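Numbering (mature numbering (1 follows the signal peptide of the UniProt record, and there is no 0)) for the sequence shown: -21 to -1, 1 to 101. Cβ atoms here follow ideal geometry from the backbone N, Cα and C, with glycine treated the same way. Only a predicted model underlies this, so the values are computations on that prediction, with no experimental measurement involved. One structure below.
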Amino acid sequence: MIRSIFLAASLTVGLVGIAHADGDPAKGEKVFARCKACHNADSDQNKIGPHLSGVVGRKAGSVADFDYSDAMKNSGLTWDEATLTKYLKDPKGVVPNNKMAFTGLKKDDEIANVIAYLKTKS
């Protein structure tokens, strides 16, 4: 009996962790409000930064009508979840000499939520 309770509790904790790792798009939209001055996720119109519509799965530095830094154009990155997670935490550390002035998001849940939001814009 105790073993069954422990197993059920372990599975519940594991599933909660998995759900959290996926992020919450609604919460991510609120965090993305900080990004809206420079980035657009609702259309393919660029601002100070490139649009982020369809960014998940896109090659870095590939929006045709945006003037990227050489560092970004030559980064060889593709914006998958793992790369976005690292980049959003430390943009200058992942792509030194890129143009983005933003220093990054420090909270893992905010990063997961922003990525979940951006995935809805693909």
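Query raised in the report: Is residue 26 near residue 17, with beta carbons less than 8 Å apart?
Result: In terms of Cβ geometry, residue 26 and residue 17 form a close pair [threshold 8 Å].
Report task. Starting from the C-beta of residue 36, find all residues in its chain whose C-beta is less than 8 Å away, skip the five residues before and the five after it, and write them out in chain order. Result -> 57, 58, 59, 101
**Report entry** Bounding residues of the alpha helix (DSSP H) (the contiguous stretch that carries residue 92)
**Finding:** 87 to 98
**Report entry** Alpha carbon of residue 52 to alpha carbon of residue 28, nearest angstrom
**Finding:** 14 Å
**Report entry** For residue 7, the first and last residue of its enclosing alpha helix (DSSP H)
**Finding:** 4 to 11
Query raised in the report: Is DSSP giving residue 57 helix, strand or coil here?
Result: strand
Report task. Flag this pair as touching only if the region 44 to 51 and the region 66 to 73 have three or more C-beta atom pairs under 8 Å; answer yes or no. Result -> no
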